[in-house]
Structure formats: structure tokens, C-alpha cells
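First residue of the sequence shown? That's 1 in UniProt numbering, and the numbers climb one at a time after it. No residue lacks a Cβ here, since even glycine has one placed at the ideal position from N, Cα and C. Structure, as C-alpha cells:
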Amino acid sequence: MRRWCGGFKMAEALTTQEELAVEAFLNEVHSRELPHSAGLVSQPTAVKFLMARKFDVSRAIDLFQAYKNTRIKEGIININPDEEPLRSELLSGKFTVLPGRDAKGAALALFTARLHRPDVTTHRAVLQAIIYQLDKTIESSQTQRDGLIFIYDMTNSSYGNFDYELCVKILNLLKGAFPARLKCVFIVSSPLWFRAPFAVLRLFVREKLRERVCTVRASELASHIPVSSLPEHLGGTSQYSHVAWIQSCVNMQTNTFQGDTQEHDAHDCVGSLLRSYSLDNSNTSIDDPPPHALMNTQLGTEHSVANCYGDNNANPHNHFGAVEGRTRGPGQCQQSLSSGADKGNHQHWNGSAVSAANTSGSGPNTNINGRGCQAPPQSDTPPS
Numbered sequence: 001m002r003r004w005c006g007g008f009k010m011a012e013a014l015t016t017q018e019e020l021a022v023e024a025f026l027n028e029v030h031s032r033e034l035p036h037s038a039g040l041v042s043q044p045t046a047v048k049f050l051m052a053r054k055f056d057v058s059r060a061i062d063l064f065q066a067y068k069n070t071r072i073k074e075g076i077i078n079i080n081p082d083e084e085p086l087r088s089e090l091l092s093g094k095f096t097v098l099p100g101r102d103a104k105g106a107a108l109a110l111f112t113a114r115l116h117r118p119d120v121t122t123h124r125a126v127l128q129a130i131i132y133q134l135d136k137t138i139e140s141s142q143t144q145r146d147g148l149i150f151i152y153d154m155t156n157s158s159y160g161n162f163d164y165e166l167c168v169k170i171l172n173l174l175k176g177a178f179p180a181r182l183k184c185v186f187i188v189s190s191p192l193w194f195r196a197p198f199a200v201l202r203l204f205v206r207e208k209l210r211e212r213v214c215t216v217r218a219s220e221l222a223s224h225i226p227v228s229s230l231p232e233h234l235g236g237t238s239q240y241s242h243v244a245w246i247q248s249c250v251n252m253q254t255n256t257f258q259g260d261t262q263e264h265d266a267h268d269c270v271g272s273l274l275r276s277y278s279l280d281n282s283n284t285s286i287d288d289p290p291p292h293a294l295m296n297t298q299l300g301t302e303h304s305v306a307n308c309y310g311d312n313n314a315n316p317h318n319h320f321g322a323v324e325g326r327t328r329g330p331g332q333c334q335q336s337l338s339s340g341a342d343k344g345n346h347q348h349w350n351g352s353a354v355s356a357a358n359t360s361g362s363g364p365n366t367n368i369n370g371r372g373c374q375a376p377p378q379s380d381t382p383p384s
């Protein structure tokens with residue numbers, strides 16, 4: 001017998017056994033939290049962690065604790081896409097979730113290594129951006145069931161783009177500290193210099209994950225993932241806009257605040273729980289407005305976002321200034337998000353204005369390689 005779990009963004013049928021697992025998960029979590037904090041862990045949150053561990057309650061509890069511990073360790077308590085440095089990190093296009101899926105239904109997450117600048121960002125900001133987007137991705141019951149594939153694209157990247165410690169953190173997050181079933185990691189077009197750090201990297205990840213990490217050329221990726229789901233610079237035919245994806249994440253969050261949170265769990269439930277710990281330490285009244293409610297006010301009224309370009313020109317390279325590729329601040333050419341929301345029409349959350357000189361190659365796929373639809377040259381043979 002299957003019943004409907006109303007907490008899913010898209011209704012998902014749960015068996016009686018799965019419902020009992022949800023109840024057991026919540027009872028265990030609630031027993032570990034203070035009374036006023038326990039209620040912050042909702043049924044949809046429980047389902048996400050249970051899905052990631054095939055409804056094994058003990059393993060799901062361990063995953064929940066690992067996720068909390070990771071966020072505490074990295075200082076990721078609040079995730080507000082309208083605040084720096086997270087806003088610039090999201091606009092960089094470094095990490096995105098593609099609209100297509102693999103043949104078995106897994107979602108596709110893409111990290112473009114050449115866009116990573118260790119000297120101008122932090123691990124905290126990058127992990128924030130990844131968690132923010134993945135949180136929205138697992139709102140889909142299909143993603144919860146069918147899992148996630150992580151593509152690490154090293155095309156045209158240099159040693160200066162490589163951050164060994166960050167790679168370890170991302171892999172450990174995806175495999176052991178985030179509620180998603182990691183199916184496989186593809187490292188694409190790795191250069192010769194990557195052989196040594198890759199060999200060391202494999203030693204520091206769990207053995208089960210090690211078996212799921214493989215290196216491929218860009219031309220080989222289509223043999224693992226449908227061409228229709230891959231962007232053109234990786235040998236596919238998919239045309240996508242990273243900024244349109246980020247806008248949909250923001251829309252999902254603002255719609256959640258304005259609607260019934262019992263129907264949708266797009267708000268940061270674990271973040272609310274972590275903030276409640278701070279409230280305990282500071283003796284702040286639990287009746288005060290939660291931080292996510294204040295964020296909604298900022299998104300809807302005080303904070304404005306730029307809307308200088310449409311989806312077809314939503315290219316991260318357009319958001320970089322002329323000096324060292326640094327991301328520009330949010331104060332240029334801005335329009336209010338609330339004006340579009342009032343009309344039931346969300347404005348684009350696409351950051352800073354750019355000069356006309358930066359608008360060449362404005363096809364949807366320029367948001368990754370900046371050269372229209374041309375495929376970049378292949379790197380050297382990947383390490384074996």
C-alpha cells in the first residue's frame with residue numbers, strides 16, 4: 001500500500017514501511033534536540049535524508065548528523081543568495097545544475113574548474129553555493145529517488161584553478177554529508193599535471209566513492225550521459241542558462257515564504273535548526289522572527305537585483321570586471337525583484353551590468369566557455 005507524502009514539492013507516494021521509517025527518523029532526531037528546536041526538522045527533511053540512505057533509519061540519522069557537523073565546521077549557518085560573497089559565487093557559474101538527466105534519471109551537477117579562483121573566493125562561499133543549489137535540486141522527488149551525477153570539468157583549466165583541499169571537501173560532502181545519492185563522479189579533460197594530485201586525492205576519499213570516480217575525455221562523456229542532456233561544449237546539444245537556473249532557485253525560495261511551508265520544504269530547515277542553537281546561547285526569545293523571514297523581506301522589498309540581460313545573454317563571463325576577473329558588486333544597474341513578483345512575474349537575478357563590449361557570443365552555452373557554441377580543445381590524456 002502506498003500513501004502520498006504532502007511534504008514533497010512533487011507528490012511522492014510512500015509505502016507504509018517508508019512512512020514508519022519517517023516517523024522513526026523524526027522521533028530519533030526530536031529526542032536529540034531541545035523541544036523548541038526539534039519541530040524545525042520537518043517530515044520533508046526526514047524523507048530527503050531517508051531517500052539518500054534507502055530508508056535505513058540509522059544510516060539516515062548518521063547522514064543528518066554529518067550534514068549538520070559539516071555546516072557547523074565550515075561556518076555555513078545561514079544561506080542567503082542575496083548576500084555577498086555567496087551572491088558573486090552563484091553568479092560566477094562555477095557550479096550549476098543542468099536541466100537534463102542521465103539515462104536512469106539522475107540529476108547532473110557541473111563544476112567548471114577553470115572558473116574557480118582560489119585567490120578571490122573561499123571554501124565557505126563555494127560550499128555555500130553548492131549546498132544552496134543542491135538543496136533546490138533535491139526538492140524533486142525524482143532526484144531523491146534517482147540520485148546525482150557530479151561532473152568536474154577541467155577543460156582549459158590551469159594548476160592555479162586547482163584547489164586540492166576544496167576537492168576533498170566537495171567529494172566528502174557529496175558522498176557522506178549531503179542527502180543525495182551520489183551515483184558517479186566524472187572528471188573531464190584532466191591535464192597531465194593532474195595525475196599526481198589525483199592519485200593522492202583517491203587515497204583520502206572513502207573506498208566506495210573511489211570506485212565511482214572516473215576520468216574521461218570530453219568526447220567520451222556522451223557515452224555515459226545522453227547527448228541531449230550535455231551542454232554543447234561537452235559534446236552535447238543542450239542549451240541552458242545558468243542564471244535562469246539560479247533565478248528558479250530564488251523563485252522557489254520566495255514562493256515558499258509566501259505560500260504554505262507544509263506543502264513545500266524549499267526553505268533551509270537545517271539552517272533554521274543551526275540558528276536555533278545560536279539563539280539558545282544568546283538567550284534570544286524563540287518568538288523573534290526567524291532569519292529566513294527577514295531574508296524574505298529583504299528579497300521582496302529592500303534588496304533589488306539587476307535585470308540588464310535576458311536568459312539568452314545570462315553569461316557569467318559578463319559579470320566579471322576587467323581587473324583579474326573579479327566579480328563586480330551588486331550595486332550596478334539594479335531593478336527590484338518585488339516589482340516582478342507583484343505581477344506574478346519574477347525578474348531575473350542576473351547580477352551586474354556589463355558594457356556592450358562584453359556581450360559577444362550571447363548564446364545560451366556561452367555561460368560556460370564564453371565562446372558561443374564552439375567546443376574547447378581537448379586536454380591531454382586523463383590519468384589512468
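Is the separation between the beta-carbon of residue i and that of residue j shorter than 8 Å?
i	j	result
K136	C249	yes
Y159	W193	yes
S272	L34	no
S223	G100	no
T70	A180	no
L182	L148	yes
Q128	I79	yes
L86	H123	no
E89	A125	yes
V47	V22	yes
L210	R217	In the sequence as displayed, the identity of residue 210 is Arg instead of Leu. No, the Cβ-Cβ distance between R210 and R217 is not below 8 Å.
H242	Q253	no
R145	M51	yes
L274	K68	yes
Looking at the unbroken beta strand (DSSP E) that takes in residue i, where does it start and where does it end?
i	result
D153	148-153
L98	95-101
Could you tell me the boundaries of the alpha helix (DSSP H) in which residue i lies?
i	result
K208	207-210
F111	That residue, F111, is in no alpha helix (DSSP H); its beta strand (DSSP E) goes 107-112.
D62	57-74
N80	Note, N80: premise wrong, no alpha helix (DSSP H); not H, not E.
V126	123-137
R87	86-91
L174	164-176
K48	43-52
DSSP puts residue i in a beta bridge; with which residues?
i	result
V216	V188
S238	P231
P182	Here residue 182 is Leu; the residue named in the question, Pro, does not match the sequence. L182 pairs with L148.
With a CB to CB cut of under 6 Å and the five nearest residues on each side skipped, what residues in its chain are close to residue i?
i	result
A168	With the sequence shown as reference, residue 168 is identified as Val, and Ala is not the correct amino acid for it. Cβ within range, chain order: F204.
I130	F95
D102	I149, I225
V227	G236, T237
Once the 5 residues before and after residue i are set aside, which same chain residues still bring their CB inside 7 Å of it?
i	result
T284	Model confidence at T284 stands at a pLDDT of 42, short of 50, so the residue's coordinates are unreliable and nothing is read from them.
A322	For A322, the predicted model reports a pLDDT of 31, less than 50, meaning its position is unreliable; a value from the coordinates is still stated below. For A322, where only same-chain residues beyond five positions count, there are no Cβ hits under 7 Å.
R206	K175, G176
W245	T96, V97
Keeping to the same chain, check which residues put their C-beta closer than 8 Å to that of residue i; ignore five residues upstream and five downstream.
i	result
Q17	F55
F198	I187, S190, T215, P383
(request) Decide if the segment 106-126 is in contact with the segment 84-96; the criterion is three or more beta carbon pairs, one per stretch, under 8 Å apart. (result) yes
(message) With three or more C-beta pairs closer than 8 Å as the rule, is the segment 184-193 touching the segment 61-79?
(response) Output reads no: the segment 184-193 does not touch the segment 61-79.
(message) Does the structure place the segment 140-160 close enough to the segment 180-189 that three or more beta carbon pairs sit under 8 Å?
(response) yes
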